[in-house]
Each structure stands twice: as C-alpha cells, then as structure tokens.
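Only one structure is covered here, and it is reproduced in the block below.
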Amino acid sequence: MNRALVCCLAALVAVGSTARAEDTPSPAAQFVADWSKRVEDSRNSQPQWLPPLNTLSPLITQLLREDIYYQWAANGSQTLNVGANKGLFLVPAKTIEVDIGVPTFEQRYDVQPAYGLLDWQFLQIKQRLLSANKEEGNYIATAAFAAQVPTGAKAFTNGAVVLTPSLAGGIGFGDLNVQAATSFAIPTTNGATLGTSWATNVTFQYQLAGIFWPEFEVNWTHWLGGTQRDGKDQLFFTVGTLLGPLALTRATAVVFGVGYQFAIAPAPQFEPVLTPAYQNAIVISARLVF
Numbered sequence: 000m001n002r003a004l005v006c007c008l009a010a011l012v013a014v015g016s017t018a019r020a021e022d023t024p025s026p027a028a029q030f031v032a033d034w035s036k037r038v039e040d041s042r043n044s045q046p047q048w049l050p051p052l053n054t055l056s057p058l059i060t061q062l063l064r065e066d067i068y069y070q071w072a073a074n075g076s077q078t079l080n081v082g083a084n085k086g087l088f089l090v091p092a093k094t095i096e097v098d099i100g101v102p103t104f105e106q107r108y109d110v111q112p113a114y115g116l117l118d119w120q121f122l123q124i125k126q127r128l129l130s131a132n133k134e135e136g137n138y139i140a141t142a143a144f145a146a147q148v149p150t151g152a153k154a155f156t157n158g159a160v161v162l163t164p165s166l167a168g169g170i171g172f173g174d175l176n177v178q179a180a181t182s183f184a185i186p187t188t189n190g191a192t193l194g195t196s197w198a199t200n201v202t203f204q205y206q207l208a209g210i211f212w213p214e215f216e217v218n219w220t221h222w223l224g225g226t227q228r229d230g231k232d233q234l235f236f237t238v239g240t241l242l243g244p245l246a247l248t249r250a251t252a253v254v255f256g257v258g259y260q261f262a263i264a265p266a267p268q269f270e271p272v273l274t275p276a277y278q279n280a281i282v283i284s285a286r287l288v289f
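Sequential numbering from 0 applies to the sequence shown in numbering that gives the first Met the number 0.
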C-alpha cells in the first residue's frame, strides 16, 4: 500500500464521517455516517494529550502521520528514514484504533551505502482497556498488537515475520503527563540470529500555552537470545517538542513535532552487529488529525 492509497483512504473516511445519513440508511451507511461521532466520543473519554515522538501512545487517535529520522552511527554511516512505520490511524470503534502502516523508505550513506524499503509493519491494532478524561482522573491503559512482514530490500530486511504485543499506559498531573509503553518484537523465524527485542519507553510531557508540548523520553531496548545482540542493551534519551493541535476546520487539525535523540549506553560495539544501532538522530513528525 503506497502513500497515495493511504491518503485516499483517509479522505474517504473524512468525507464519510461528515456525510448525512439517508432516512433509512443501510447498516454500513449508518456505520460510516456515525464515524465522526465515535471519534469524538473516544477523544472525550480519554486524556487530551498528544502522542509522543517515539513512545507508543496509549491514546486512541485518528490521524494521518508521517515521521522522518536522520541518524548518525558510530561506524561513520548516516541514514535517512522516511515513514518510521507510521501511516493512517483509524478509530472504527470508541476504544479501538487500527493503524495501517505505510512502507518505510531508508537510505544509508557513506558506509555500505544502500537504499530501499524496510520490512513492512502493515498493521497495528490498539484496544483501550480503561481511561478517564482530565475531569474524571486523567489516566489511560491500552493493549496493542502489530505485525511486520519481510518485504524490505536485501540490505535492510531481517527475513522474518515479526509479531509485537505491547502494553501502554499514562497518567496526568495537571499540565504534566507521563506516557509509557513496553513491547516485545518476536520474530517467527530467524529467532536464533535475531532474538527477541524488549523495548520500554517512558515520556514526560508538559503542556504550555495550550499548544506547546515539550517532552523528554527515555528509550531502552534489551535483547533476549539471538547471536547478534543476546543480553545487550541500548539506551537513548530524546528531547523534543510538539506543536498543536492547530485547527484547520472544526473537525481537522495539524500537529508538528521535532526532537533530538542521542545514545547514552553502551559505548559503541561493532561486533557482531553495531550496538547502539546509531548514536544520535533528528526526528521530525507531521500529523493530520481528523
């Protein structure tokens, strides 16, 4: 699924969500006609934060999202990543989000130069387990499950279907909120080489003047098994800010974000594979909320 198709899907949902139902609509037509109300009900029954730059957010959100990373590695390589497994996020039910991923493009410069698509995380489903808006408690918990297929270019593919269950949650204290997530990326093949990666992220986010959201993230990964990184860890810090939502119409808004991520540990290890995967990165995020 390319970016044009995803944009078309987003447009159809946005148009359908505002269309008037006929006097006796079919169940399918009524489902589409009620779409915007379900999205609004979902927003009103959870905290009004923004999804962080890196951390999987527990929030159920409907948007079109594109992220770009530019990374510098200890071996001298530089990498441009366009997409970062983002795409079209839909809310078909009050507590459910379905994320349709867009294939991610990557280009590596200087050391072992290569370019092409990465393996495709084509689907992620999020189920909100519990939540309360700011007036009723300001907390949320969500379970998620993602699937990735090995469709990437030879230089980037890991050759395995990867299944990733996750658990995310958050709590707010006035204008401060803390969002956290933990997940296991489990390869269904090549496990003896790849191992399972256990990622845990925590974000501290603060709202200023309504539309400014400075944040600090801790991004930790530990590998279980596999000949590449068994027992190893990598730790990153990310500092950044989000701006938004900036209203375009009554039902649509945009959010922009930028951040700087840098490795804290370990000291660069080059064998058997580079760890940390890179040393620092610039992160840019653009989102259309509808």
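We put the CB at the ideal spot given by N, CA and C, even for glycine.
Per DSSP, reduced to three states, the secondary structure at P46 is coil, with no helix or strand assignment.
Residue pairing from DSSP places T240 in a beta bridge opposite P213, V257. Using a 10 angstroms sphere on the CB of V272, the tally of other CB atoms stays under 16, which defines it as exposed. One alpha carbon belongs to W222, the other to L247, and they sit about 43 Å apart. Linking P50 to A179 through their CA atoms gives a straight-line distance of about 11 Å. L273 sits in coil when the DSSP states are folded into three classes, being neither helix nor strand. Looking at the DSSP output, K93 bridges to nothing. Around K93, the same chain offers R37, D40, S41 as residues with beta carbons nearer than 6 Å, after the five sequence neighbours per side are excluded. Of the candidates Q268, A159, F211, the residue whose Cα lies closest to the Cα of T192 is A159. T202 has its alpha-carbon roughly 32 Å from the corresponding atom of V110. In the three-state reduction of the DSSP assignment, E105 falls in the strand class. Under the 8 Å Cβ criterion, the region 70-79 does not count as touching the region 115-130, having fewer than three qualifying pairs.
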